[in-house]
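Below: the structure, in structure tokens.
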Amino acid sequence: MIDLRQAEQMVYWCADVLDTGELGTVESSMTKVAVSEVLMRVADRCVQVMGGQGVTGDTIDERVFREVRAFRIYDAPTEVHTWSLAKKVKQDWKTAQGE
Ligand SMILES: Cc1cc2nc3c(=O)[nH]c(=O)nc-3n(C[C@H](O)[C@H](O)[C@H](O)COP(=O)(O)OP(=O)(O)OC[C@H]3O[C@@H](n4cnc5c(N)ncnc54)[C@H](O)[C@@H]3O)c2cc1C
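Using our numbering, read the sequence shown as starting at 3 and increasing by one per residue.
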């Protein structure tokens, strides 16, 4: 519940930035990473609650888990987004230092 509310808030935050006409690359990257990681955790908990049924057979939780897993990969994997965010933080820090 907390995870989902945090993810929802990040989506609204990102949408607000995009609505201003800004590119929102940092906000989009942060939101993509955070939401896909949250969905993964939530789907994993659902599968765990279902026990063996969660990983065998053609059940809805098994299908959701499989589909949600791909969110961390497409539109660039989590690692690529976090790497580009780190690069941006470093650039901003250098700019602030007058370099
Ligand atoms: C269901 C699905 C739908 C898709 N739809 C589209 C689409 O509509 N349009 C489109 O253009 N593409 C689409 N893709 C492709 C998707 O964008 C790529 O799969 C994604 O960008 C990852 O590229 P890759 O598969 O070549 O993995 P790779 O680039 O080989 O990455 C494999 C893994 O290596 C690691 N890695 C890669 N680069 C770095 C790095 N710089 N730093 C640290 N770790 C790294 C990550 O852990 C990553 O998961 C889709 C993929 C899937 C699975």
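No residue lacks a Cβ here, since even glycine has one placed at the ideal position from N, Cα and C.
Here DSSP, grouped into helix, strand and coil, assigns methionine 32 to helix. With fewer than 16 neighbouring CB atoms inside 10 Å of its own CB, glycine 59 falls in the exposed class.
Alanine 36 and valine 66 have their alpha carbons spaced roughly 18 Å apart. Taking 8 Å as the upper bound for CB-CB distance, aspartate 5 and valine 40 are in contact here, some 5 Å apart. Separation of the CB atoms of lysine 90 and valine 28 is rounded to 6 Å, and the pair is thereby assigned contact status at 8 Å.
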